[in-house]
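A.B. asks: Numbering (the numbering used here), first residue to last: 7 to 355.
The structure that follows is given in the form of structure tokens.
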């Protein structure tokens with residue numbers, strides 16, 4: 007993440023939050039963490055920032071008035087009055103505790119951090135980070151003493167990734183700020199996203215690109231694979247990814263005519279996309295600017311191999327439609343009563 011080069015951890019408050027349904031209560035720290043230790047500062051910075059690799063942005067929302075969203079209000083107060091950071095961090099602690107009434111919500115440490123120098127859309131902004139560590143690991147420690155080595159253990163937080171976290175960037179305040187979020191635990195009814203933060207995903211170019219590519223993936227699995235061969239499914243996915251890679255904008259009519267040759271399948275895709283949009287209340291599925299970074303990230307989610315019941319797999323390198331169209335043929339052997347694939351090549355390595 008490019009922000010690591012620019013960002014600086016300026017303030018940090020650490021509290022403990024329990025489960026309200028179990029009446030575990032909270033423990034509020036008396037003061038901010040001393041960040042003068044450069045190594046500790048760097049470790050914490052990496053721990054907080056590294057999970058936010060995703061392209062998705064969220065924003066604070068409220069059914070009636072954005073100002074009534076408590077986390078939006080606390081973020082605004084902190085950005086406007088950073089000197090009262092610790093006081094407002096305790097308010098955030100208490101707000102989180104009030105939302106932690108689901109039986110599966112774990113107790114843990116709450117970190118409220120203030121960052122300088124974050125880069126969003128080529129703009130340098132401040133940010134507020136809110137993180138929660140829920141799981142503890144056991145670590146071995148070793149100590150040299152009089153030409154001997156002793157071993158001990160202790161429980162602690164693994165710095166490889168936060169359990170829950172969000173970054174609130176001081177930009178687009180009138181639209182609920184720009185927020186990034188991570189949640190490694192999906193067993194507690196999404197209380198972090200829906201109850202504590204109350205955010206919705208921002209419907210930007212990343213959202214539109216990812217949504218339509220996922221729609222193509224769903225269509226290939228739910229419709230295409232059931233009515234056509236696996237080879238045809240691979241070709242459809244390859245053509246779809248190829249379209250998104252080579253074009254700057256998406257147009258549903260142009261995409262359908264470019265990717266699907268067979269009229270009946272094209273009509274089936276149009277009906278599928280219409281139902282897909284209506285079920286999810288999507289407005290811009292007909293056309294939008296393609297986010298190239300999202301396309302690169304999404305490629306990993308698409309299946310580009312054919313798995314056969316004879317313990318053989320045919321894997322295609324990348325998403326080049328010509329691979330399956332020109333070099334692989336599918337047929338049926340009457341004598342054996344089996345389907346087969348014929349693969350053409352010039353040389354092998």
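We put the CB at the ideal spot given by N, CA and C, even for glycine.
For the alpha helix (DSSP H) that contains residue 48, what are its first and last residues?
C.D. replies: Against the chain shown, residue 48 aligns to sequence position 42. 44-55 is the span of the alpha helix (DSSP H), which, as asked, contains residue 48.
A.B. asks: Which residues in the same chain as residue 25 place their Cβ atom closer than 6 Å to its Cβ, once the five residues preceding and following it in sequence are excluded?
C.D. replies: For the purposes of this step, residue 25 is taken as the residue at position 19 of the chain shown. Closer than 6 Å at Cβ, skipping near neighbours: 106, 111, 113.
A.B. asks: Do you know how far the Cα of residue 227 is from the Cα of residue 220?
C.D. replies: Walking along the chain shown from the start, residue 220 turns up at place 214. Walking along the chain shown from the start, residue 227 turns up at place 221. Taking the straight line from one Cα to the other gives about 11 Å.
A.B. asks: Which residues in the same chain as residue 201 place their Cβ atom closer than 7 Å to its Cβ, once the five residues preceding and following it in sequence are excluded?
C.D. replies: Residue numbering aside, residue 201 sits at position 195 when the chain shown is read from its first letter. 105.
A.B. asks: Report the rounded CA-to-CA distance for residue 285 versus residue 304, giving the unit in angstroms.
C.D. replies: Your numbering for residue 285 matches position 279 in the chain shown. Your numbering for residue 304 matches position 298 in the chain shown. Roughly 22 Å separates the two Cα atoms.
A.B. asks: Would DSSP call residue 138 helix, strand or coil?
C.D. replies: On the chain shown, residue 138 is found 132 positions in, with the first residue counted as 1. In this structure, residue 138 counts as strand in the three-state DSSP scheme.
A.B. asks: Between the Cα of residue 27 and the Cα atoms of 102, 57, 54, 44, which residue gives the shortest distance?
C.D. replies: Position 21 of the chain shown, counted from the first residue, corresponds to residue 27. Checking every option, the nearest Cα to that of residue 27 belongs to 102.
A.B. asks: Using the three-state DSSP reduction, which class does residue 103 fall into: helix, strand or coil?
C.D. replies: In the chain shown, counting from the first residue as 1, residue 103 sits at position 97. Helix, per DSSP.
A.B. asks: Would you tell me roughly how many angstroms separate the C-alpha atoms of residue 251 and residue 346, rounded to the nearest one?
C.D. replies: By one-based count along the chain shown, residue 251 stands at place 245. By one-based count along the chain shown, residue 346 stands at place 340. Straight-line Cα distance between these residues: approximately 31 Å.
A.B. asks: By Cβ distance, which residues of its chain are closer than 7 Å to residue 229, with the 5 residues on each side in sequence left out?
C.D. replies: For the purposes of this step, residue 229 is taken as the residue at position 223 of the chain shown. Cβ within range, chain order: 274, 278.
A.B. asks: Please state the DSSP three-state secondary structure of residue 166.
C.D. replies: For the purposes of this step, residue 166 is identified with residue 160 of the chain shown, where counting begins at 1. Of the three classes helix, strand and coil, the one that applies to residue 166 here is coil, per DSSP.
A.B. asks: Are the beta-carbon atoms belonging to residue 119 and residue 18 less than 8 Å from one another?
C.D. replies: Taking the chain shown and counting its residues from 1, the one referred to as residue 119 is at position 113. Taking the chain shown and counting its residues from 1, the one referred to as residue 18 is at position 12. Contact flag set, yes.
A.B. asks: For residue 70, which three-state DSSP category applies?
C.D. replies: Within the chain shown, the letter at position 64 stands for residue 70. If DSSP states are grouped into helix, strand and coil, residue 70 belongs with coil.
A.B. asks: Quick check: what's the CA-CA separation for residue 187 versus residue 66?
C.D. replies: Residue mapping note: residue 187 aligns to position 181 of the chain shown, counting from 1. Residue mapping note: residue 66 aligns to position 60 of the chain shown, counting from 1. One Cα belongs to residue 187, the other to residue 66, and the distance between them is close to 12 Å.
A.B. asks: Taking residue 16 as part of the beta strand (DSSP E), name the residues at either end of that continuous run.
C.D. replies: As a first step, residue 16 must be located in the chain shown, where it is residue number 10. Note, residue 16: beta strand (DSSP E), 14-23.
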